[in-house]
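Asker: Next up is a structure, given as structure tokens.
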Amino acid sequence: MKVIPAIDLKDGQCVRLKKGDYDTVHKVAEDAVETARKFLAAGATMIHMVDLDAAKDGSHANYGVVERVIRETGAAVELGGGVRSMQDVEAVLALGVKRVIIGSAAVRNPQFVAEAVKKYGDKIAVGIDAKSETVRTDGWLGDSGENYISFAERMESYGVKTIIFTDIDKDGMLAGPNFDQLAALRATVHCRIAASGGVSTLDDIRQLKRLGIDAAIAGKAVYTGKLDLPAAIKEAE
Numbered sequence: 654m655k656v657i658p659a660i661d662l663k664d665g666q667c668v669r670l671k672k673g674d675y676d677t678v679h680k681v682a683e684d685a686v687e688t689a690r691k692f693l694a695a696g697a698t699m700i701h702m703v704d705l706d707a708a709k710d711g712s713h714a715n716y717g718v719v720e721r722v723i724r725e726t727g728a729a730v731e732l733g734g735g736v737r738s739m740q741d742v743e744a745v746l747a748l749g750v751k752r753v754i755i756g757s758a759a760v761r762n763p764q765f766v767a768e769a770v771k772k773y774g775d776k777i778a779v780g781i782d783a784k785s786e787t788v789r790t791d792g793w794l795g796d797s798g799e800n801y802i803s804f805a806e807r808m809e810s811y812g813v814k815t816i817i818f819t820d821i822d823k824d825g826m827l828a829g830p831n832f833d834q835l836a837a838l839r840a841t842v843h844c845r846i847a848a849s850g851g852v853s854t855l856d857d858i859r860q861l862k863r864l865g866i867d868a869a870i871a872g873k874a875v876y877t878g879k880l881d882l883p884a885a886i887k888e889a890e
């Protein structure tokens, strides 16, 4: 299992939110490049980045920061937020990103996912952001009404090899992942599952590993020091 540290970007800054609420935004680090360097020094092999501005309004104002992180640190990066078309996928890959995460657009336009996977294969992941078992869209502000498991099954049927599952109520709360939902998802799909939201202790890492989860994305807990990143990476391996 991998531990993948997260960098969320808003207005070029490294920030975190609570439960996806943009009104709770607060800066957690001075510079994305230096933050990425620290993550790599701790043993991380990939960095999870989210463009919060793009997720909310489709702007690409943070792409320059993402490109700098990749160019100046050599980090393998997966990026999500506001990927709504094949042009967006191509623009993200042109930054040097290893894996593109499609979120809201996967709900609204599943055929887009099918086409992207056909063209780019394992470079495409789908982000499933759930609240009360239904998939949310538009920076978590909209409710699709679709059950997260049935949606995951549909995405897998299109050839998606990586699903990033976030329980919105857990995100940024340092309260542990939603193990029940993750276990139900693991029992249903065969593709890789990355758990995001609430990962905050070594015991969380151990429990996710026991469930057969393939990766844990850690954000706030790493910034606050609650989760020791080198220890978490070692535990996961």
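Using my numbering, read the sequence shown as starting at 654 and increasing by one per residue.
Each residue gets a CB set at the ideal place from its N, CA and C atoms; glycine is no exception.
1. For A871, tell me which candidate among D857, L864 and G865 has the shortest Cα-Cα distance.
2. Apart from the five residues on each side of it in sequence, which residues of its chain come closer than 6 Å, Cβ to Cβ, to S757?
3. Measuring CA to CA, which of V686, C667, R690 and K671 is closest to K645?
4. Where does the unbroken alpha helix (DSSP H) through R737 begin, and where does it stop?
5. Using the Cα positions of A889 and D867, report the straight-line distance between them to the nearest angstrom.
6. Determine the direct distance from the alpha carbon of D796 to that of V770, and round the result to whole angstroms.
7. Give me the Cα-Cα distance between H701 and E768, rounded to the nearest whole angstrom.
8. What's the C-alpha gap between A828 and A837?
9. Is G665 helix, strand or coil by DSSP?
10. Helix, strand or coil for I858, going by three-state DSSP, please let me know.
11. Is there contact between the segment 796-808 and the segment 722-740, where contact requires at least three CB pairs shorter than 8 Å?
12. Would you mind giving the Cβ-Cβ distance between R807 and P763, rounded to the nearest angstrom? I have them listed as a contact below 8 Å.
13. Going straight from the alpha carbon of G749 to that of E720, what length do you get?
14. For A694 and G665, I'd like the C-alpha separation in whole angstroms.
15. CB-CB under 6 Å to F765, same chain, minus the five flanking residues each way: which ones, in chain order?
16. Could you give the DSSP three-state label for G717: helix, strand or coil?
17. Between K784, D820, R839 and V686, which lies nearest to I660 when the distance is taken from Cα to Cα?
18. Taking the beta strand (DSSP E) that M808 falls in, what are its first and last residues?
19. Could you tell me which residues DSSP pairs with G795 in its beta bridges?
20. Could you have a look at S849 and say whether DSSP puts it in helix, strand or coil?
Answerer: The answer reads as follows:
1. One-based indexing of the sequence shown puts residue 871 at position 218. The shortest C-alpha separation from A871 is found at D857.
2. Residue 757 sits at position 104 when you count from the first residue of the sequence shown. Contacts found: T790 and D791.
3. Because the chain in this structure spans residues 654 to 890, residue 645 falls outside the shown range and cannot be described.
4. For the purposes of this step, residue 737 is taken as residue 84 along the sequence shown, with counting starting at 1. According to the DSSP assignment, R737 belongs to no alpha helix (DSSP H), since it is labelled neither H nor E.
5. Locating residue 889 in the sequence shown gives position 236, counting from the first residue. Locating residue 867 in the sequence shown gives position 214, counting from the first residue. In this model, A889 and D867 are separated by some 9 Å (Cα to Cα).
6. As a first step, residue 770 must be located in the sequence shown, where it is residue number 117. As a first step, residue 796 must be located in the sequence shown, where it is residue number 143. Each residue's CA atom was taken as its position, placing V770 and D796 some 25 Å apart.
7. Within the sequence shown, numbered from 1, the residue matching residue 701 stands at position 48. Within the sequence shown, numbered from 1, the residue matching residue 768 stands at position 115. The alpha-carbon atoms of H701 and E768 are separated by roughly 23 Å.
8. By one-based count along the sequence shown, residue 828 stands at place 175. By one-based count along the sequence shown, residue 837 stands at place 184. Their Cα atoms are separated by approximately 19 Å.
9. Reading the sequence shown from its first residue, position 12 is the one you call residue 665. Coil, per DSSP.
10. Within the sequence shown, residue 858 is the residue found at index 205, counting from 1. Residue state, collapsed to three classes: helix.
11. No: the two stretches stay apart, fewer than three of their Cβ pairs being nearer than 8 Å.
12. The residue labelled residue 807 in the question sits at position 154 within the sequence shown. The residue labelled residue 763 in the question sits at position 110 within the sequence shown. The distance from the Cβ of R807 to that of P763 is about 7 Å, consistent with a contact at the 8 Å cut-off.
13. Sequence index remark: in the sequence shown, residue 749 carries index 96 (1-based). Sequence index remark: in the sequence shown, residue 720 carries index 67 (1-based). Going by the C-alpha atoms only, they are around 7 Å apart.
14. One-based indexing of the sequence shown puts residue 694 at position 41. One-based indexing of the sequence shown puts residue 665 at position 12. Cα to Cα, A694 sits roughly 22 Å from G665.
15. Here residue 765 corresponds to residue number 112 of the sequence shown, with the count starting at 1. Result list for F765: A758, in chain order.
16. Translated into positions along the sequence shown, residue 717 becomes position 64. In the structure shown, the three-state DSSP call for G717 is helix.
17. Looking up residue 660 in the sequence shown gives position 7. Per the Cα distances, V686.
18. Here the question's residue 808 lines up with position 155 in the sequence shown. Boundaries for M808: no beta strand (DSSP E) harbours it, while the alpha helix (DSSP H) harbouring it runs Y801 to S810, taken from the DSSP string.
19. For the purposes of this step, residue 795 is taken as residue 142 along the sequence shown, with counting starting at 1. BP columns for G795 point to T790.
20. Along the sequence shown, read from residue 1 onward, the residue named residue 849 stands at position 196. Under the three-state reduction of DSSP output, S849 falls in the strand class.
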